[in-house]
Structures are given as structure tokens and as C-alpha cells.
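Trainee: So this note's numbering is basically just the index in the sequence shown, starting at one, shifted up by 27.
Ideal placement from N, C-alpha and C gives every residue a C-beta, glycine not left out.
First the structure, which I've put down as C-alpha cells, then a few questions once you've had a look.
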Amino acid sequence: MANVRHVAETTTLNNGVAMPWFGLGVYKTQEGPEVEQAVAAALEAGYRLIDTAALYGNEKGVGNAIRASGIRREDIFVTTKVWNSDQGYDETLRAFEASLSRLGFDYVDLYLVHWPVKGKYKDTWRALERLYKEGHVRAIGVSNFHIHHLEDLLSSCEVKPAVNQVECHPLLTQEELRKYCREQHIAFQAWSPIMKGQLDLPVITELAAKYGKTPAQIVLRWDLQNDILTIPKSVRPERIRENANIFDFELSAEDMARIDGLNRNSRFGADPDNFNF
28 MANVRHVAET TTLNNGVAMP WFGLGVYKTQ EGPEVEQAVA AALEAGYRLI
78 DTAALYGNEK GVGNAIRASG IRREDIFVTT KVWNSDQGYD ETLRAFEASL
128 SRLGFDYVDL YLVHWPVKGK YKDTWRALER LYKEGHVRAI GVSNFHIHHL
178 EDLLSSCEVK PAVNQVECHP LLTQEELRKY CREQHIAFQA WSPIMKGQLD
228 LPVITELAAK YGKTPAQIVL RWDLQNDILT IPKSVRPERI RENANIFDFE
278 LSAEDMARID GLNRNSRFGA DPDNFNF
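In C-alpha cells form, the structure reads like this:
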């Protein structure tokens, strides 16, 4: 179990790069003032990881907010992703240049394959390997990959993925995939960790009362104690600060097990074996 003590604490990826355990996700956060204010609030609260994607349409605002913060670029970890319609070798290289231009940076900390597009993700991965070897990205990884996708990639890749970012929360604990990633030294990161706010589960509300925390804080603490990197999304400064207030308590082993027991293999997003976008 990782003993994460503060919001900017890092884990070490399989290539030696330090990546924060905790960050801000900006999916469906509007480009312009909304995303800029959310990123500013997160950075002010001590967050040092911002997770965006070409699909989100807000890379420009993320870059603007980071520059406006006055924090050194090298002290902030920025993730973005190549979208499905841009996959393939040459297409990915072009998509990366476009993302970099929108962000206004000269490198990205982590670049991910957003979804395992059949017949394309291995060519996409070759492009990521080139970007990594040329120093344009500090680490490369994947998102929404099942074990069989990872096995397929590992059978031919030159650079092992550093991260697999997938949907994970108490109703979808992903224990088998987490175990596989741990064995392969691939960091496991959760998107939608607080289940789009659907936290009205008796066990979670009971534990929130017991520990004097919000239901979201209980779930985010469960993430960290399970060695899961996590990127809760919010646009409200008070909620952004609140989500990060999880370093002054620890869930007991018994309470961790109770949350583990909530698993229903229920998804809020698409199954990586069956998506049509």
C-alpha cells in the first residue's frame, strides 16, 4: 500500500519518471474560462497533475492556466491523449503536433493511446515510441486497455507502457487488471473514480460519517490505499480543494474490504471491447 502523504506526492514510473498520484481530470470541462479556472484552482490547492485529451477540446485552456499560474512548467505533470479518429502511425504524429501546439508546450509528460482501436493501436503505439525516443514526451502509456490488449501490445513493443488509465471505482474494482498491471510494472490510473457523483451507496455514506469525510473523499482515499493513481474531475474550486483533503486519515483494512465488496463490474463508460467511437 502506498503511503501517500500529500497531494503532490509522486510514484516512480517504469522508466524512472516521477508522476503524481493525484491530479485533476478535465473531461467535459469547457474550453476557456471554465477549464482555466478549474486548473488554476487545482494548482493553487497543490495539485501538480493535469489530465486532458485532444477529445476534450480544452488543451489550449489547460496550457493557458499553467502558464498563468507562475509555477515552473517542469513542476507540473501534463497528460494528453491521441483520439481514436487520429490513430495510425503518421496520423498520430500529426495529432501529437496539434496537441502540443494547442497546449503551447515543447513537450508533454505523458501521452496516451485513448482507446484500443482495433487494427490501429499497434501502429499508434509505434508513433508514441518514436515521440518518446525523440524526447517529445517523458512517458507513454495507454487508456482503456484490457489485459488482452496489453498482452498484444507487449508482444511486439519496444517501449513498455508506463501507465494504463481505465475506468475504476468501487462498482468496477478491476482487480484482475490491477494485478496484471502491477506484475508488469505498469502504473494503474483511474478515470471516473467518483462514479460521476453517484456515491449514494450505504457503505460509502456510512464510512463518510464514521471518518468525518465526504463520500468522494472516502472513495479517493480507497484509490490511494489500493495503489491506484486517481484524477477526480470537478469545475468547482471548493470541490477541487475538498477532493484533495484526503491525506489526514486512513481507512482500516476492514473498511477497505467493505468497499472492495461493492464491486458489480458496472461501467458508466463504454467497454473497451465494445465501443463505436
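(1) Spatial neighbours of leucine 287 within its chain, please: C-beta separation below 7 Å, excluding the five flanking residues on both sides.
(2) Identify every run of the alpha helix (DSSP H) within the region 229-282, keeping only runs that are complete inside it and at least 4 residues long; order them along the chain.
(3) Where do the N-terminal and C-terminal ends of the beta strand (DSSP E) with serine 183 fall, by residue?
(4) Expressed to the nearest angstrom, what Euclidean distance is found between the alpha-carbon atoms of leucine 204 and isoleucine 174?
(5) Look at the alpha carbon of isoleucine 273 and the alpha carbon of threonine 241, and state the distance between them as a whole number of angstroms.
(6) If you drop the 5 nearest sequence neighbours on each side, which residues of the same chain put their C-beta closer than 6 Å to that of serine 126?
(7) Using 8 Å as the threshold, is the region 33-52 in touch with the region 180-198, meaning 3 or more CB pairs across them?
(8) So, helix, strand or coil for alanine 166, using DSSP?
(9) Leaving out five residues on either side along the sequence, give the residues of the same chain with a beta carbon under 6 Å from the beta carbon of alanine 27.
(10) From Leu130, Ile167, Ile213, pick the residue whose C-alpha is nearest to that of arginine 100; which is it?
(11) Can you find the residues in the same chain that come closer than 6 Å, C-beta to C-beta, to lysine 147, ignoring five residues on each side of it along the sequence?
(12) Go ahead and pull the three-state DSSP assignment for valine 53.
(13) Counting only the same chain and skipping the five closest in sequence on each side, list residues whose C-beta sits under 7 Å from that of serine 112.
(14) Cα-Cα, which of Glu277, Glu202, Ile77 is closest to glutamine 252?
(15) Rounded to the nearest angstrom, what separates phenylalanine 302 and glycine 168 at their Cα positions?
(16) Name the residue from Leu139, Ser261, Thr56 whose alpha carbon lies nearest to the alpha carbon of glutamine 8.
(17) Tell me the residue span of the alpha helix (DSSP H) that contains proline 299.
(18) Report the rounded CA-to-CA distance for asparagine 171 versus glutamate 202, giving the unit in angstroms.
(19) Grouping DSSP H, G and I as helix and E and B as strand, with all else coil, what is leucine 137?
(20) Assuming proline 47 contacts leucine 70 (C-beta within less than 8 Å), just tell me the rounded distance between them.
Mentor: Well, looking at it:
(1) Reading the sequence shown from its first residue, position 260 is the one you call residue 287. For clarity, residue 287 is aspartate in the given sequence; the question names leucine instead. Thr200, listed in sequence order.
(2) 229-238, 242-252, 264-270
(3) Indexing the sequence shown from 1 puts residue 183 at position 156. Serine 183 -> no beta strand (DSSP E), and no H or E assigned at all.
(4) Numbered from 1 along the sequence shown, position 177 holds the residue referred to as residue 204. Numbered from 1 along the sequence shown, position 147 holds the residue referred to as residue 174. Spanning the two alpha carbons is a distance of roughly 6 Å.
(5) Against the sequence shown, residue 273 aligns to sequence position 246. Against the sequence shown, residue 241 aligns to sequence position 214. When rounded, the distance between both Cα atoms is 10 Å.
(6) Start at 1 with the first residue of the sequence shown, and residue 126 comes out as number 99. Ala81, Glu86, Thr107.
(7) yes
(8) Numbered from its first residue, the sequence shown carries residue 166 at position 139. In the structure shown, alanine 166 sits in a strand (DSSP, three-state: E or B).
(9) Summary: the structure shown does not reach residue 27, with the chain confined to residues 28 through 304, and so no result is reported for it.
(10) Mapped onto the sequence shown, residue 100 falls at position 73. For the residues Leu130, Ile167, Ile213, the minimum Cα distance to arginine 100 belongs to Leu130.
(11) For the purposes of this step, residue 147 is taken as residue 120 along the sequence shown, with counting starting at 1. Around lysine 147: Gln114, Gly115.
(12) Taking the sequence shown and counting its residues from 1, one reaches residue 53 at position 26. The answer is coil: DSSP assigns valine 53 none of H, G, I, E or B.
(13) What you label residue 112 is simply residue 85 of the sequence shown in a count that begins at 1. Correct list: empty, nothing qualifies.
(14) Position 225 of the sequence shown holds residue 252. Comparing Cα-Cα distances from glutamine 252 to each of Glu277, Glu202, Ile77, the minimum goes to Glu277.
(15) Taking the sequence shown and counting its residues from 1, one reaches residue 302 at position 275. Taking the sequence shown and counting its residues from 1, one reaches residue 168 at position 141. Cα-Cα distance, rounded: 20 Å.
(16) One cannot answer for residue 8 here, as it falls past the ends of the chain, which runs 28 to 304.
(17) What you label residue 299 is simply residue 272 of the sequence shown in a count that begins at 1. Where proline 299 is concerned, there is no enclosing alpha helix (DSSP H), given that its DSSP letter is neither H nor E.
(18) The count along the sequence shown starts at 1 and reaches residue 171 at position 144. The count along the sequence shown starts at 1 and reaches residue 202 at position 175. Computed Cα separation, rounded: 15 Å.
(19) Numbered from 1 along the sequence shown, position 110 holds the residue referred to as residue 137. Strand.
(20) By one-based count along the sequence shown, residue 47 stands at place 20. By one-based count along the sequence shown, residue 70 stands at place 43. At roughly 12 Å, the Cβ-Cβ gap does not stay under 8 Å, so proline 47 and leucine 70 are not in contact.
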